[in-house]
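Each protein sequence line maps, in turn, to chains R and Y. With the first sequence counted from 1, adding 507 to any position gets you our numbering. With the second sequence counted from 1, adding 507 to any position gets you our numbering. Even for Gly, the Cβ is constructed at its ideal location relative to N, Cα and C. Remarks on the structure that follows.
There are 2 protein chains.
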Amino acid sequence: MEREQLRKYAELGVKVGINLQPGQPLVIGYGDRQVLPEHVAFAQVLTEVAYEAGASFVQIDWGDEHWKRQTVAHGSLDLYEERLKWQLEWVERMAKEGAGFLAIPAADPTLFEGIDNERVTRATRAKDAIFRDFTDRRTNDLYSWTLMSMPTQAWANKVFPELPEGERVEALWKDILFCTRANNDNPVAAWQAHLKNLQNRADWLNRLHIDTLHYTAPGTDLYVKMAHYHYWKSGASETAAGVPFVANMPTEEVFSAPDRLGVSGTVSSTMPLNHNGTLIEGIQLRFEQGRIVEAHAARGEEGLRRIVEADEGSHYLGEVALVPVDSPISKNGRLFFNTLFDENASCHLAIGKAYSLIEGGRDLPFEEWEAHGLNRSMMHVDFMIGSAELDIDATTLSGATVPIMRKGRWTEEV
Amino acid sequence: MEREQLRKYAELGVKVGINLQPGQPLVIGYGDRQVLPEHVAFAQVLTEVAYEAGASFVQIDWGDEHWKRQTVAHGSLDLYEERLKWQLEWVERMAKEGAGFLAIPAADPTLFEGIDNERVTRATRAKDAIFRDFTDRRTNDLYSWTLMSMPTQAWANKVFPELPEGERVEALWKDILFCTRANNDNPVAAWQAHLKNLQNRADWLNRLHIDTLHYTAPGTDLYVKMAHYHYWKSGASETAAGVPFVANMPTEEVFSAPDRLGVSGTVSSTMPLNHNGTLIEGIQLRFEQGRIVEAHAARGEEGLRRIVEADEGSHYLGEVALVPVDSPISKNGRLFFNTLFDENASCHLAIGKAYSLIEGGRDLPFEEWEAHGLNRSMMHVDFMIGSAELDIDATTLSGATVPIMRKGRWTEEV
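Next comes the structure, spelled out in structure tokens:
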């Protein structure tokens, strides 16, 4: 990877993703999303770009997946938990200082394969529980935060098994640059135009005043009632202080909040899910009054159970997201085994925590969320249900039926 | 580097260096000696070896030198200090848990070149001050600890400028394996024999009951009175709990404690010193009643001043170490710009903190050290004074004069 290209990508992350303000600290890697040693060159360029943009302090938290696997397999989980708590302290210190939070998820999809399930469950739950409050605040956009990715050899091996090993990382890097529009001459301008398009789509959905969505596809017949006063949002976010930022790079989705008790029927995943180092494929869920009453997976069912059974809220949905099959990432046709990319190639749902996408939602105290239909959980796990066989119809509040998607594509241009 | 060779080297560190006991945690990297991302492969093998040896928990603290340079140049030093204090908390937690402490020093000798001296001084002093108590306990062998090294590209560039860039790391790795006896068929047995030889040399010096050493060489005419009841020690150490370990790999020295007020005359360094990212060459010191009253350097004098002026104790000597010019590392003839190697190729002295190498010294409270001639300081910086032109004579307590070294070599076989 050329330094020049790395720099362009880093600038995108710092200037568009975080939109770093002069005097603001930048945290690179936190919690379970520490920076991999393999990403040292990118972390160095991010640091440079951030200090040039006036960062008061740049912090990098490194972590090695091999160490994590070894420690979850053989180490004291008491000390592992204690260490996570200690790590949280500094993350909170940086949050207090108004930091932006940038992470570079690139987890090995087979990291925990073969390790005692009880230990994996304990370790991953501990992490989710310890970081839960911080995660709530972050995903509620109290701080600017962004996820962007970089290849690793292990990840590239999974995505490009047909290529010689020495060419896989470069191939994945090329796809990442394509998906994030970073190979553009002026990536910042390209992103502004792109975010405008997504906002137009959200505006169209908002004008419909949807009551319920009905998904039909092979293995899927699902009704999702939307939260009262919900609105659809694009990838353009804003902090509590009014600073715009982009939480996911890439982003192709428009998304909103379902009524947690208003989901019924069955749904089947259409793409594998890499969650915390476990690969889960062929998910089938059945819902009654919002609750997941059956959960199966053709592969990684233990991993699926860890998600669904994490807490009470993880038995309900928190997010509904729409992505057409002709989005650039989807047309690219590559399975990334990385949610940041795969969720932007496909309509998806999230098990667990909602975003507060109802009018006045940002100021709603967490304890009042459920009363407004918004789900709360320590989990927020997207799984992909989009395909060229998916139809979606909306019933609006005024009782009309409006086709939203046919064969995975929007029914109307906007 | 072959994994098999890495493994042998890692086993040396874990089994001989730390001598890890079953159920003991291992800390890899701490304080200013964090693990470089470049050393990921070695850190992974160390982790494996440690868990196989029964470690209860392995911790790796990563740090990137480029980040450090950028942050010392541009970041908030208040936050930098706060972060160091937070890091210390976990180090102390691990110390309480009885951990062994392994570090892999490989600092870029030009890391801080060109950065405002005041900021470099503040950052390096903060680190030394914050870790001072822990360092005192560690270097007093309350815990098992070891320093071993691994190549980095930046370091290899400095050591092998005459080779093509792509061959330098491998060349340095080869030298490291040679110097640490890790290329031996049975490195653990080779180390046992080697430590025995060093102990024989220490025994010989102990039998002499030395009062004063007199160093003469070009630019050097120095008298060093030894601390009362001092003894000479080899690289074989023992924790307070009686577990043997080796603090430095390689180690070729025998060393003891001078009387802090008993040093007079002048001394000139014979090799460059890489201290905290600053290269210091051509050191000249003049002592009166133990105190450094003049300090000059041909290069990096600011760095030398940072050392000498750190605190009151850094104006005095804390260690006297003897290494003949025909030690394997010295005969290798290569300048490493890394104290761990260079100090084992050359007689050296240390500015700053002593080791408690007097009878009963380990149990001596720190506040009583000075009364016994032992120096205290937050610094402990070795500088090399050995050469083939160095003569050393001892005056013994019984008034005899005994030649110790002639032209840099021991006067007697042991």
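Do residue j and residue i count as a contact pair if the criterion is CB distance below 8 Å?
i: ALA852 of chain R; j: ILE836 of chain R; result: yes
i: ARG639 of chain R; j: LEU584 of chain R; result: no
i: VAL556 of chain Y; j: ALA550 of chain Y; result: no
i: LYS603 of chain Y; j: ALA560 of chain Y; result: no
i: ILE535 of chain Y; j: LEU513 of chain Y; result: no
i: GLY906 of chain R; j: ARG767 of chain R; result: no
i: HIS887 of chain R; j: THR646 of chain R; result: yes
i: ALA743 of chain R; j: GLN706 of chain R; result: yes
i: SER656 of chain R; j: ASN845 of chain R; result: yes
i: ALA857 of chain Y; j: GLY893 of chain Y; result: no
i: GLY772 of chain R; j: GLY797 of chain R; result: no
i: VAL774 of chain Y; j: LEU829 of chain Y; result: no
i: VAL827 of chain R; j: SER763 of chain R; result: yes
i: ASP718 of chain R; j: LEU904 of chain R; result: yes
i: ALA817 of chain Y; j: ASP635 of chain Y; result: yes
i: LYS477 of chain Y; j: ALA895 of chain Y; result: Since the first residue shown for chain Y is 508 and the last is 921, residue 477 of chain Y is missing from the structure and cannot be characterised.
i: VAL909 of chain Y; j: LEU702 of chain Y; result: no
i: THR746 of chain Y; j: SER651 of chain Y; result: yes
i: ASP571 of chain Y; j: VAL598 of chain R; result: no
i: ILE637 of chain Y; j: LYS665 of chain Y; result: no
Looking at the secondary structure, which residues open and close the alpha helix (DSSP H) in which residue i lies?
i: GLN791 of chain Y; result: That residue, GLN791 of chain Y, is in no alpha helix (DSSP H); its beta strand (DSSP E) goes 791–795.
i: PHE549 of chain R; result: 547–559
i: ASP640 of chain Y; result: 639–646
i: MET601 of chain R; result: 584–603
i: ARG813 of chain R; result: 808–815
i: ASP833 of chain R; result: Segment: none, ASP833 of chain R is in no alpha helix (DSSP H) and carries neither H nor E.
i: HIS573 of chain Y; result: 572–581
i: GLU875 of chain R; result: That residue, GLU875 of chain R, is in no alpha helix (DSSP H); it is neither H nor E in DSSP.
i: LEU543 of chain Y; result: Neither: LEU543 of chain Y is in no alpha helix (DSSP H) and is coded neither H nor E.
i: ILE683 of chain Y; result: 672–686
When the Cα atoms are used, what is the spatial distance from residue i to residue j?
i: ASP710 of chain R; j: VAL921 of chain R; result: 9 Å
i: THR785 of chain R; j: ASN755 of chain R; result: 22 Å
i: HIS803 of chain R; j: ALA724 of chain R; result: 18 Å
i: PRO831 of chain R; j: GLU850 of chain R; result: 11 Å
i: THR918 of chain Y; j: LEU679 of chain Y; result: 32 Å
i: GLU511 of chain R; j: ALA562 of chain R; result: 21 Å
i: TYR862 of chain R; j: GLN566 of chain R; result: 27 Å
i: PRO671 of chain R; j: ASP682 of chain R; result: 17 Å
i: THR758 of chain R; j: PHE685 of chain R; result: 12 Å
i: GLU875 of chain Y; j: ARG869 of chain Y; result: 12 Å
i: TRP569 of chain R; j: ILE899 of chain Y; result: 48 Å
i: ALA689 of chain R; j: ILE525 of chain R; result: 15 Å
i: GLY538 of chain R; j: GLY530 of chain Y; result: 26 Å
i: HIS822 of chain Y; j: ILE790 of chain Y; result: 14 Å
i: GLU801 of chain Y; j: ARG632 of chain Y; result: 21 Å
i: ARG629 of chain Y; j: ALA614 of chain Y; result: 19 Å
i: GLU588 of chain R; j: GLN594 of chain R; result: 10 Å
i: LEU654 of chain Y; j: TYR736 of chain Y; result: 28 Å
i: ALA606 of chain R; j: LEU842 of chain R; result: 33 Å
i: PHE641 of chain R; j: PHE873 of chain Y; result: 42 Å
i: ARG812 of chain R; j: MET778 of chain R; result: 18 Å
i: GLY807 of chain Y; j: LYS732 of chain Y; result: 29 Å
On the DSSP letters alone, give me the boundaries of the beta strand (DSSP E) that residue i sits inside.
i: HIS721 of chain Y; result: 717–724
i: HIS782 of chain Y; result: 780–782
i: PHE762 of chain R; result: 761–763
i: GLN566 of chain R; result: 565–567
i: TYR730 of chain Y; result: 727–733
i: TRP652 of chain Y; result: 652–654
i: VAL827 of chain Y; result: 824–829
i: HIS737 of chain R; result: HIS737 of chain R -> no beta strand (DSSP E), and no H or E assigned at all.
i: THR908 of chain R; result: 908–913
i: PHE843 of chain R; result: Element bounds for PHE843 of chain R: n/a, residue is neither H nor E.
Three or more beta-carbon pairs under 8 Å between the region 609–623 of chain R and the region 657–674 of chain R, yes or no? Under the 8 Å Cβ criterion, the region 609–623 of chain R counts as touching the region 657–674 of chain R, having at least three qualifying pairs.
Assess, as a yes-or-no matter, whether the region 691–703 of chain Y is touched by the region 565–577 of chain Y under the definition of 3 or more beta carbon pairs within less than 8 Å. Contact between the region 565–577 of chain Y and the region 691–703 of chain Y is absent: fewer than three C-beta pairs spanning the two stretches fall below 8 Å.
Taking Cβ-Cβ distances below 9 Å as the criterion, which residues of the region 512–534 of chain R are in contact with chain Y? Residues PRO532.
Taking beta-carbon pairs under 7 Å, can you tell me which members of the region 877–890 of chain Y lie near chain R? For the region 877–890 of chain Y, the set of residues with a beta-carbon nearer than 7 Å to any beta-carbon of chain R is empty.
Listed from N- to C-terminal order along the chain, which residues in the region 758–785 of chain Y have their beta-carbon within a distance smaller than 8 Å of any beta-carbon of chain R? Correct list: empty, as no residue qualifies.
Where the region 655–684 of chain Y meets chain R: residues whose CB sits under 7 Å from a CB there: Answer set for the region 655–684 of chain Y: empty.
Between the region 550–565 of chain Y and chain R, which residues of the former have a C-beta closer than 7 Å to a C-beta of the latter? Answer set for the region 550–565 of chain Y: ALA550, GLN551, THR554, GLU555, TYR558, SER563, PHE564, VAL565.
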